[in-house]
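For the sequence shown, the working numbering assigns the number 220 to the initial residue and increments by one for each residue that follows.
All residues carry an ideal CB built from backbone N, CA and C; glycine is no exception.
Below is one structure, written out as structure tokens, with a few remarks after it.
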Amino acid sequence: WASERRFSVPSLRDRGIRATAAAAIRGRSGAFGVIGVHSATVGAFSGEEGQWLQSIADLLASALDRERSEAVMRHQSLHDALTGLPNRALLFDRVEHAFGRAERFGFGVAVLLLDVDGFKTVNDSLGHQAGDELLIEVGSRLTEVVRTSDTVARLGGDEFVVLAEVESDEEAFEIADRIAQVWEKPFAVASGEVFCSA
220 WASERRFSVP
230 SLRDRGIRAT
240 AAAAIRGRSG
250 AFGVIGVHSA
260 TVGAFSGEEG
270 QWLQSIADLL
280 ASALDRERSE
290 AVMRHQSLHD
300 ALTGLPNRAL
310 LFDRVEHAFG
320 RAERFGFGVA
330 VLLLDVDGFK
340 TVNDSLGHQA
350 GDELLIEVGS
360 RLTEVVRTSD
370 TVARLGGDEF
380 VVLAEVESDE
390 EAFEIADRIA
400 QVWEKPFAVA
410 SGEVFCSA
């Protein structure tokens with residue numbers, strides 16, 4: 220700390236602090252941080268007060284663990300386990316919101332349904348691992364060619380959906396053209412390269 224120059228925080232001693240009690244906030248997945256109390260009186264904290272502080276830290280860790288677990292469960296309930304893309308439930312929610320916004324603000328909604336041609340052949344001939352790798356790569360490429368405001372979702376199997384708010388049919392066709400380019404290059408899977416269309 221003596222060599223640290225990025226922060227100009229005065230030391231606790233400079234502020235008149237003469238005693239500190241601290242407890243680590245440790246959860247199941249690691250440390251969240253530290254909770255501490257300070258006093259201007261030397262020897263202000265007893266061992267019993269240190270234990271009390273640790274019990275507060277343990278309560279905080281438990282609450283933070285629970286919050287983290289709930290966030291993971293929420294994410295898992297709304298996202299495809301393989302690709303990490305929004306799943307059917309989250310897609311339908313976004314479709315509902317998109318149509319509501321379209322009605323209020325007067326723009327259009329494009330929903331593009333994609334079915335990967337040849338997926339079954341890849342799965343059967345190269346194995347499920349290759350099939351999974353193909354689906355992950357398809358999802359990644361689709362995400363790369365659409366706008367950040369668009370939604371790419373996996374319905375299940377080899378079906379994907381792109382949801383886009385558009386101002387014209389031409390804008391929807393431009394998105395479709397970018398999606399068509401996804402299939403021009405081969406997809407890399409562990410056992411080699413495969414070409415697919417949709």
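Tell me the residue span of the alpha helix (DSSP H) that contains residue i.
i       : result
Val-401 : First-last for Val-401: undefined, no H or E at that position.
Asp-369 : Taken as a continuous stretch (DSSP letters only), Asp-369 belongs to no alpha helix (DSSP H), as it is neither H nor E.
Ser-265 : Ser-265 -> no alpha helix (DSSP H), and no H or E assigned at all.
Leu-231 : No alpha helix (DSSP H) holds Leu-231; DSSP gives it neither H nor E.
Leu-301 : Per DSSP, Leu-301 belongs to no alpha helix (DSSP H) and is neither H nor E.
Val-341 : 338-345
Val-314 : 307-324
I'd like the span of the beta strand (DSSP E) that includes residue i, first residue to last.
i       : result
Val-380 : 378-385
Leu-333 : 327-334
Phe-414 : No beta strand (DSSP E) contains Phe-414, which DSSP labels as neither H nor E.
Gly-249 : 249-258
Gly-246 : 238-246
Considering only heavy atoms of the ligand GDP, does any lie closer than 7 Å to the CB of residue i?
i       : result
Ala-290 : Looking for the ligand GDP in the displayed structure turns up nothing, as the structure carries no ligands at all.
Distance check for residue j and residue i, CA to CA, integer angstroms please.
i       : j       : result
Asp-351 : Asp-336 : 14 Å
Asp-284 : Ser-344 : 43 Å
Trp-220 : Leu-272 : Caution applies to Trp-220, whose pLDDT of 48 falls short of 50 and renders its modelled position unreliable; the value that the coordinates give is listed next. Going by the C-alpha atoms only, they are around 25 Å apart.
Asn-342 : Gly-358 : 16 Å
Ser-288 : Phe-414 : 39 Å
Ser-387 : Phe-324 : 13 Å
Lys-404 : Phe-338 : 16 Å
Please name the residue, chosen from the options, that lies closest to residue i on a Cα-to-Cα basis.
i       : options                            : result
Phe-311 : Phe-379, Asp-284, Ser-265, Thr-362 : Phe-379
Arg-232 : Leu-333, Thr-260, Ser-248, Arg-247 : Thr-260
Val-314 : Lys-404, Asp-396, Val-371          : Val-371
Asp-369 : Pro-305, Ser-416, Ser-265          : Pro-305
Gly-262 : His-316, Lys-339, Ile-236          : Ile-236
If you measure between the beta carbons of residue i and residue j, is that distance less than 8 Å?
i       : j       : result
Arg-307 : Leu-374 : yes
Val-364 : Val-330 : no
His-257 : Ala-242 : no
Leu-361 : Ile-394 : no
Ala-240 : Glu-267 : no
Leu-297 : Ile-244 : no
Count the other CB atoms within 10 Å of the CB of residue i; is the residue buried (16 or more) or exposed (fewer)?
i       : result
Ala-409 : exposed
Val-381 : buried
Leu-332 : exposed
Glu-384 : buried
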